[in-house]
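Heads up: the sequence lines are chains A, B, C and D, in that order.
In this text, residue positions in the first sequence follow numbering that gives the first Met the number 0: the first is 0, and each later residue adds one.
In this text, residue positions in the second sequence follow numbering that gives the first Met the number 0: the first is 0, and each later residue adds one.
In this text, residue positions in the third sequence follow numbering that gives the first Met the number 0: the first is 0, and each later residue adds one.
In this text, residue positions in the fourth sequence follow numbering that gives the first Met the number 0: the first is 0, and each later residue adds one.
Backbone N, C-alpha and C fix where the C-beta goes; we use that ideal spot for every residue, glycine too.
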Amino acid sequence: MEDMYREVILDHYKNPRFKGELDPADISYQDDNPLCGDMIRIDLRVDENNRVVECAFSGQGCAISQASASMLMEDIQGKSLEEIKEYSRDDILDMLGIELGPVRLKCAMLSLKVLKVGAYGVQEWIEE
Amino acid sequence: MEDMYREVILDHYKNPRFKGELDPADISYQDDNPLCGDMIRIDLRVDENNRVVECAFSGQGCAISQASASMLMEDIQGKSLEEIKEYSRDDILDMLGIELGPVRLKCAMLSLKVLKVGAYGVQEWIEE
Amino acid sequence: MKGGFDANVIRQDFPALKRMVKEDVPLVYLDTTATSQKPKQVLDCLNDYYSNNNANVHRGIHTLAEEATAGYENARITIGEFINASNEKEIIYTRNTTEAINLVANSWGRTNLNSGDRIILTEMEHHSNLVPWQMLAASIGLEIDIIPVDDNGLLDLHVYEQLLDKNPKAVCVTHMSNVLGTLNPIKNMAINAHDHGALIIVDGAQSAPHMPVDVQDLDVDFFAFSAHKMCGPTGVGILWGRYELLDAMPPFLGGGDMIKRVHLRDFDTNDLPYKFEAGTPAIGEAIGMGAAVNYLNGLGMQSIWEHEQDIVSYAMDRLNEVPGLTVYGPEAEMRGGVTAFSLDGVHPHDISQILDGDGVAVRAGHHCAMPLHERYKLVATARASFYLYNTYSDVDKLIEGLHKVKQVFG
Amino acid sequence: MKGGFDANVIRQDFPALKRMVKEDVPLVYLDTTATSQKPKQVLDCLNDYYSNNNANVHRGIHTLAEEATAGYENARITIGEFINASNEKEIIYTRNTTEAINLVANSWGRTNLNSGDRIILTEMEHHSNLVPWQMLAASIGLEIDIIPVDDNGLLDLHVYEQLLDKNPKAVCVTHMSNVLGTLNPIKNMAINAHDHGALIIVDGAQSAPHMPVDVQDLDVDFFAFSAHKMCGPTGVGILWGRYELLDAMPPFLGGGDMIKRVHLRDFDTNDLPYKFEAGTPAIGEAIGMGAAVNYLNGLGMQSIWEHEQDIVSYAMDRLNEVPGLTVYGPEAEMRGGVTAFSLDGVHPHDISQILDGDGVAVRAGHHCAMPLHERYKLVATARASFYLYNTYSDVDKLIEGLHKVKQVFG
Ligand SMILES: Cc1ncc(COP(=O)(O)O)c(C=O)c1O
Ligand SMILES: Cc1ncc(COP(=O)(O)O)c(C=O)c1O
């Protein structure tokens with residue numbers, strides 16, 4: 000299981016990209032996983048074409064939840080909200096490059112959940 | 000298990016002794032076993048020394064419950080209520096001459112329960 | 000034997016059916032309606048779980064915890080598919096049918112019913128589908144209407160229509176009677192109930208083990224059943240309910256797992272299905288129930304049903320040959336594999352006891368259906384019931400035994 | 000190793016402890032507080048019951064029904080003696096500790112508590128001893144007072160005295176914390192509660208498996224525990240209560256077995272203990288729990304306790320050597336075999352995950368004690384817990400693993 004802590008994941012955890020808050024932001028949302036206390040907030044600024052021009056995340060939690068948020072921020076640069084809608088569980092797992100059991104999957108998916116619910120409302124989020 | 004239906008038990012079941020009711024009676028009590036619907040009523044007449052001078056039982060139910068009532072009536076002839084108080088589970092089992100599992104034991108004990116509760120009130124009956 | 004279904008082969012899976020009741024007297028098990036025997040596939044699953052994957056579910060991330068959680072949740076999916084639930088979140092693990100019905104009465108009932116509201120029960124219900132409603136009725140003041148049983152052992156649907164006109168809120172009815180064997184026309188009863196704005200709550204304890212059940216096709220609102228009557232372990236049962244109904248209901252029991260957050264003086268409720276599963280569930284038993292469903296699926300529920308139909312019609316023919324014997328309930332075509340009967344001049348206890356001497360296990364008593372026995376002016380019946388492992392030969396031994404009973408009491 | 004007690008020999012009874020988590024990585028099971036592993040004696044008992052004596056209880060008179068009933072009732076006697084109940088009728092089978100507490104809250108609580116009445120809980124309770132009371136409080140309007148946890152992880156008994164002066168009706172408290180390991184002074188707390196006219200309801204989920212318990216000596220009113228935490232199967236637990244209290248309480252769930260008579264619109268309640276056991280109980284699991292108690296008795300509860308004391312003090316010494324690690328709760332002498340801890344800069348999930356890579360199973364999260372974690376301003380801890388099968392070597396592997404965690408996150 001230590002390969003779960005690949006260099007790249009630990010690097011994102013220890014040196015998160017896009018960490019912080021945007022104020023004002025066009026879209027802001029936060030949620031947590033009460034089971035383990037992981038918390039993620041995401042702020043977005045979008046242009047007239049609904050493309051992400053700036054983004055930031057804040058929060059706390061395990062390496063998986065925080066690294067996946069940092070990686071996700073990196074990935075959505077310049078993407079449209081339409082494109083964000085298409086992000087799936089597998090995209091996150093591909094970014095992380097690991098397999099996860101059901102409990103850790105929730106950690107990994109928290110940032111995507113916050114992003115999608117923030118952008119589209121809760122009905123967009125179907126837990127897989 | 001067929002030895003449970005010894006001749007003497009079947010005989011008491013088919014030809015019950017002291018079957019009927021006494022009206023008036025000094026002591027009358029009835030109870031049933033809701034699980035199987037066995038029902039026994041016992042009527043007693045006692046003399047000034049609290050000795051049974053007449054007794055009768057009525058009711059319905061399985062061979063074990065009815066035969067044990069019939070045998071019990073036969074046995075208490077002329078006994079004092081004090082003596083009746085001493086009757087135990089083993090006395091009934093001795094009369095029947097068989098071993099019984101927990102459910103059938105309730106059938107066998109119903110008449111003794113009715114007799115004792117009738118004579119002494121419910122606190123006298125401790126289910127064994 | 001129909002198709003590839005061979006009860007004599009199937010029997011080999013059941014260790015209990017190989018046991019001797021006493022020397023040289025093998026067991027003839029005719030008491031499945033009370034509880035079924037278990038195939039070695041289910042026992043091996045239980046043993047394997049407890050020997051290898053045992054851990055508490057949902058909260059752990061170590062290997063065993065993940066394996067236990069996966070086993071527990073996969074069983075939920077298996078069971079959901081078994082009754083064609085549209086979503087496995089509609090599958091709530093309970094202890095048994097009884098607890099499932101109590102859950103509905105307490106959670107749905109206390110939220111949706113008010114003093115003066117009416118509910119419909121039937122004269123053939125098991126105590127488990129009577130007492131929870133009686134307790135609720137006494138507590139909040141409901142009127143209870145009863146669908147009577149007619150002389151053929153069927154529900155009087157004419158009276159049902161009349162009772163529906165009184166605008167009841169719920170109809171609580173068994174899918175199959177555990178005494179008469181009657182298979183009730185649930186699909187039509189559900190249409191009628193819904194036409195009158197009532198929910199229909201079905202006790203499936205005797206149907207789910209014996210026939211294909213499709214809760215969507217039946218169009219019912221709640222459906223309850225028990226693992227132990229369908230080759231599974233004791234200690235686990237299922238409440239299925241429509242998602243929207245379950246989702247709107249308050250929790251029943253409080254504790255671990257049914258919460259999202261807990262503070263000292265209040266809490267947030269968890270999502271379905273966990274909302275209704277407080278505390279450590281019957282993990283091994285739920286996984287064992289999944290194995291039981293897989294076992295039944297392997298044989299095919301339709302084949303099981305046809306086999307039981309075959310056995311019960313043979314049994315009724317042979318029972319009717321016994322002088323002085325009365326079988327209660329409808330013709331074989333309208334019933335499952337249950338036959339309750341009485342024999343003139345012999346109490347059911349004595350029947351059961353004498354049969355037991357020859358290894359034939361039948362039940363005697365009111366079978367948790369006292370009101371139904373009252374309706375027939377009986378205090379007890381003897382009941383022989385059949386399942387996938389029973390054969391004509393089992394029936395023959397029952398009949399032989401009954402002749403012996405008559406001899407003893409002749 | 001104290002006396003004849005040798006955990007290395009005892010381990011051989013537990014099939015799960017022989018398993019490899021992955022190739023060449025044996026399991027180091029440190030999650031007994033969530034659920035214990037099961038010895039083969041218990042698994043054999045389950046398998047034997049289901050293979051030979053399986054039948055529904057109480058109502059049948061055929062051989063299997065009598066055997067199953069005897070097994071089920073003998074287990075009740077065994078369990079009653081285990082906690083020194085004065086009467087086995089005080090032993091009520093439930094699904095788990097959680098259901099036992101819900102039973103008390105609903106049956107005793109709704110009958111004896113009124114709007115405005117006070118009850119006392121503590122800051123270290125498991126959700127199972129919080130949420131049922133919160134639900135009851137919200138439903139009938141109770142005031143909840145809380146005994147805080149002091150900086151040593153002990154209940155603040157000074158505050159307890161003050162809260163008792165407000166005339167509460169009940170004190171609901173855990174015998175042992177499942178996070179801090181704190182062993183609460185129940186006997187003294189019971190005396191105080193009774194002096195103030197309050198009942199005391201004890202969550203024994205973490206004490207009954209680990210130490211001798213004598214409910215008469217403790218002089219408590221209700222005591223709840225779960226089989227799965229004490230070498231038994233899932234799906235069964237116990238509510239013990241004083242006879243007079245239980246006898247005066249109304250039934251909780253309705254259905255088969257808890258009745259004497261049922262009519263269409265009302266019923267008569269059965270006697271103890273059946274009054275509280277509606278429907279087919281977890282028969283096999285109750286019998287398995289009896290086997291678990293026999294197993295524990297064979298080792299001796301005092302010896303088990305001493306062994307755990309030994310392991311937990313060794314564990315605390317070694318944990319305290321790890322830089323940046325904080326163990327929560329009191330000194331080893333005042334706790335059972337539970338150690339919850341945090342490690343600077345590493346989330347408990349990551350601790351547990353990395354340990355799992357070396358086969359070391361610990362739990363991470365709030366352990367169903369969110370308010371307690373809030374009190375320590377934590378969202379989660381990692382928790383290693385010990386039982387009769389754990390050894391110094393298990394502790395050593397935990398410590399090795401923690402050093403690896405530090406390396407990965409260094
Ligand atoms: C202190 C304490 N109370 C109650 C419980 C709940 O036990 P169960 O989940 O078996 O109902 C637990 C176990 O998780 C516990 O540790
Ligand atoms: C029709 C019916 N309903 C309900 C039950 C109760 O099932 P359980 O005892 O498993 O709760 C039974 C079984 O006894 C039954 O036959």
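Residue closest to residue i, alpha-carbon to alpha-carbon, out of the options
{"i": "C/Val212", "options": "C/Ala247, C/Asn83, C/Pro167", "result": "C/Asn83"}
{"i": "C/Pro272", "options": "C/Leu245, C/Ala285, C/Ile398", "result": "C/Leu245"}
{"i": "D/Leu102", "options": "D/Asn128, D/Asn86, D/Glu124", "result": "D/Asn128"}
{"i": "C/Pro38", "options": "D/Leu29, D/Glu305, D/Lys39, D/Ser50", "result": "D/Ser50"}
{"i": "C/Gln215", "options": "C/Lys228, C/Cys230, C/Gly231, C/Ile190", "result": "C/Ile190"}
{"i": "A/Cys106", "options": "D/Gln352, D/Asn73, D/Gly196", "result": "D/Gln352"}
{"i": "C/His372", "options": "B/Cys35, B/Asp30, B/Tyr4", "result": "B/Cys35"}
{"i": "C/Thr325", "options": "C/Asn151, C/Thr68, C/Pro147", "result": "C/Asn151"}
{"i": "A/Gly19", "options": "A/Glu47, A/Pro33, A/Gln59", "result": "A/Gln59"}
{"i": "C/Asp43", "options": "C/Tyr71, C/Val404, C/Asp12, C/Asn73", "result": "C/Asp12"}
{"i": "D/Leu295", "options": "D/Glu243, D/His209, D/Pro280", "result": "D/His209"}
{"i": "C/Pro250", "options": "D/Met134, D/Asn113, D/Asp5, D/Phe4", "result": "D/Met134"}
{"i": "D/His262", "options": "C/Thr34, C/Leu112, C/Arg75, C/Val130", "result": "C/Val130"}
{"i": "D/Ala247", "options": "D/Leu153, D/Arg117, D/Pro280, D/Asn269", "result": "D/Asn269"}
Residues bridged to residue i (per DSSP)
{"i": "A/Gln59", "result": "A/Met38"}
{"i": "C/Pro25", "result": "C/Met19"}
{"i": "D/Val394", "result": "Note: D/Val394 sits in no beta bridge, so no partner."}
{"i": "C/Thr380", "result": "C/Gly364"}
{"i": "A/Cys106", "result": "Partner(s): none; A/Cys106 has no beta bridge."}
{"i": "C/Ser341", "result": "C/Thr325"}
{"i": "D/Gly240", "result": "D/Phe221"}
{"i": "C/Thr173", "result": "C/Asp202"}
{"i": "C/Leu182", "result": "C/Met175"}
{"i": "A/Asp31", "result": "A/Met38"}
Residue i: first and last residue of the uninterrupted beta strand (DSSP E) it sits in
{"i": "C/Met452", "result": "A query on residue 452 of chain C cannot be resolved here, the shown segment of chain C reaching from 0 to 409 and no further."}
{"i": "B/Ala24", "result": "Counting along the chain, B/Ala24 falls outside any beta strand (DSSP E), and DSSP gives it neither H nor E."}
{"i": "C/Tyr159", "result": "Element bounds for C/Tyr159: not the beta strand (DSSP E) but the alpha helix (DSSP H), 156-163."}
{"i": "D/Phe224", "result": "221-225"}
{"i": "C/Arg260", "result": "258-261"}
{"i": "C/Cys44", "result": "Segment 39-47 is the alpha helix (DSSP H) holding C/Cys44; no beta strand (DSSP E) there."}
{"i": "C/Ile119", "result": "117-121"}
{"i": "D/Leu388", "result": "It is worth fixing the name first, because residue 388 of chain D is Tyr in this sequence and not Leu. Note, D/Tyr388: premise wrong, no beta strand (DSSP E); not H, not E."}
{"i": "C/Phe266", "result": "266-268"}
Residue-chain proximity (residue i, chain E), Cβ-Cβ < 8 Å
{"i": "D/Ile353", "result": "Of the chains in the structure shown, none is chain E; the protein chains are A, B, C and D."}
Endpoints, alpha helix (DSSP H) assigned at residue i
{"i": "C/Asp150", "result": "First-last for C/Asp150: undefined, no H or E at that position."}
{"i": "D/Asp202", "result": "Element bounds for D/Asp202: not the alpha helix (DSSP H) but the beta strand (DSSP E), 198-202."}
{"i": "B/Ile97", "result": "That residue, B/Ile97, is in no alpha helix (DSSP H); it is neither H nor E in DSSP."}
Residue i Cβ short of 7 Å to ligand 4 heavy atom set
{"i": "D/Leu252", "result": "Within the structure as shown, ligand 4 is missing, the only ligands being ligand 1 and ligand 2."}
Q. Are at least three pairs of beta-carbons, each pair with one atom in the region 94-110 of chain C and one in the region 71-80 of chain C, less than 8 Å apart?
A. no
Q: When you get a sec, list the residues whose CB is within less than 5 Å of any heavy atom of ligand 2, chain order please.
A: C/Asn95, C/Thr96, C/Thr97, C/His125, C/Ser127, C/Thr173, C/Asn177, C/Asp202, C/Ala204, C/Gln205, C/Ser225, D/Gly278, D/Thr279
Q | Validate contact between the region 183-196 of chain D and the region 273-283 of chain D using beta carbons, cut 8 Å, 3 pairs | A | no
Q | Any 3 or more C-beta pairs closer than 8 Å across the region 280-294 of chain C and the region 124-143 of chain C | A | no
Q. With contact counted as at least three CB pairs below 8 Å, one residue from each stretch, are the region 217-224 of chain D and the region 197-204 of chain D in contact?
A. yes
Q: Would you be able to state if there are at least three C-beta pairs under 8 Å between the region 43-63 of chain A and the region 73-85 of chain A?
A: yes
Q: Kindly confirm or deny that the region 228-247 of chain C and the region 83-102 of chain C touch, where touching means at least three C-beta pairs closer than 8 Å.
A: yes
(Q) With three or more C-beta pairs closer than 8 Å as the rule, is the region 8-25 of chain B touching the region 79-89 of chain B? (A) no
(Q) Taking contact to mean 3 or more Cβ pairs, one atom from each stretch, closer than 8 Å, check whether the region 305-314 of chain C and the region 153-171 of chain C are in contact. (A) no
(Q) Quick test of the definition: if touching needs 3 or more C-beta pairs under 8 Å, does the region 361-378 of chain C touch the region 55-62 of chain D? (A) yes
Q) If we count Cβ pairs, one from each stretch, closer than 8 Å, do we get three or more for the region 29-45 of chain D versus the region 353-362 of chain D? A) yes
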